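In our numbering, the protein residues as written are 5 to 224.
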């Protein structure tokens, strides 16, 4: 005569095996749940950041709003191999652009943010718009840093050969106060004035040298 437990496998009751299968399914589902990095403003107006495990972007938005926050940026977190992350860090340490290119980057980003775009959207557009390879690499790295959950000022600090401390500190202040577009416009004005001064100095140095060369030619 078959006992009640004979319907199971290896002495396990059928119901117990069913529960075990459900638990495994839930565990696998949780492991595969996408992650979304977000930046938002809370009820006091302060910036908050974090990462959510959600089925999709719409669910992430609802969860943020349930916390009485206004979402500013939400991006899926893409898992990157460790070796790739290390190579990116080395590139960030070595990458350098000219002051004119820094002015172009800052000015275009400022205008995009002033037009109402989020920082994430602005960097995404610049990544496609800018033609110089180094500017494209810079913009891509900064955009990727936002996707990974870092703030803009934190990302800028990785490029020490490009962004001076005063630039990074002003951006950090702009992020904290919600006035990043205004801060970038101030930086554009500062970079423009620096460029004008640098050009004048170069012209002042070139003219005496050219005059001396012309005089030496006449003497000969």
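Quick reminder that beta carbons are idealized off the backbone N, C-alpha and C, glycines included. Nothing here was measured: the structure is a model prediction, and the numbers come from that model.
Whose C-beta lies closer than 7 Å to the C-beta of residue 76 among residues of the same chain, with five residues either side of it excluded? 43, 44, 45, 122
Please look up how many angstroms separate the CB atoms of residue 101 and residue 116, rounded, as I've assumed it's under 8 Å. Going by Cβ atoms, the distance from residue 101 to residue 116 rounds to 18 Å, so no, they are not a contact pair.
Tell whether a beta-carbon distance below 8 Å holds between residue 147 and residue 162. no
So, using beta-carbon positions, are residue 110 and residue 160 closer together than 8 Å? no
What runs of the alpha helix (DSSP H), each 4 residues or longer, lie entirely inside the stretch 110-173? 123-133, 137-151, 156-161
Helix, strand or coil for residue 178 per DSSP? helix
Exposed unless 16 or more other CB atoms sit within 10 angstroms - verdict on residue 185: buried
Run the CB neighbour count on residue 114, radius 10 Å, all protein chains shown included, and call it buried at 16 or more, exposed below. buried
Residue ranges of each alpha helix (DSSP H) within the stretch 45-73, 4 or longer: For the stretch 45-73, whole alpha helix (DSSP H) runs of length 4 or above, ordered along the chain, are 61-70.
For residue 68 versus residue 106, is the C-beta distance shorter than 8 Å? Their beta carbons are not under 8 Å apart, which means residue 68 does not touch residue 106 by this criterion.
Can you tell me whether residue 75 is helix, strand or coil according to DSSP? strand
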